[in-house]
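S.K.: If you count by this note's numbering, then the sequence shown holds residues 49 to 150, one letter each, in order.
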Amino acid sequence: MLQETIKAVKDAENKAETILKEADEKVISLREQANQDAKTLKEEEAKKARKHAAETLEAAKAKAESEMKIFDSETEKEIAALKQMAAAKENKAIEMVISNLY
49 MLQETIKAVK DAENKAETIL KEADEKVISL REQANQDAKT LKEEEAKKAR
99 KHAAETLEAA KAKAESEMKI FDSETEKEIA ALKQMAAAKE NKAIEMVISN
149 LY
């Protein structure tokens, strides 16, 4: 009877040791998986951030280009108006010079 009890205790100790060893291995495995998941998540988030930055930059470039075209168009209109005014005044100036000569 005593031998059976000792054997049962040893079996229980061995089983407990096996359970602890398996738990340690599972902890190591889970830790490695968590580290890998964290690394993957970090890479994905960095990729998303780079993509978002590139999209924002492209949108800013497109907006700047659009505003530049509007500015160029307005400038061309102002130049045309100034040329037209200058041409009208040029004729008057020529007439005044001619009338002052005679």
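Heads up, the beta-carbon is just placed ideally off N, CA and C, and yes, glycines get one too.
Remember, it's a predicted structure, so these values are computed and weren't measured experimentally.
Cα separation between Ala135 and Ser147?
M.R.: Ala135 and Ser147: Cα-Cα distance of roughly 18 Å.
S.K.: Where does the unbroken alpha helix (DSSP H) through Met133 begin, and where does it stop?
M.R.: Element bounds for Met133: 50–149.
S.K.: Alpha carbon to alpha carbon, how far is Lys117 from Asn139? Give it in angstroms, no decimals.
M.R.: Their Cα atoms are separated by approximately 33 Å.
S.K.: Leaving out five residues before and five after Leu89 in sequence, what residues of the same chain have Cβ atoms less than 7 Å from its Cβ?
M.R.: Excluding residues within five positions, none has a Cβ falling inside 7 Å.
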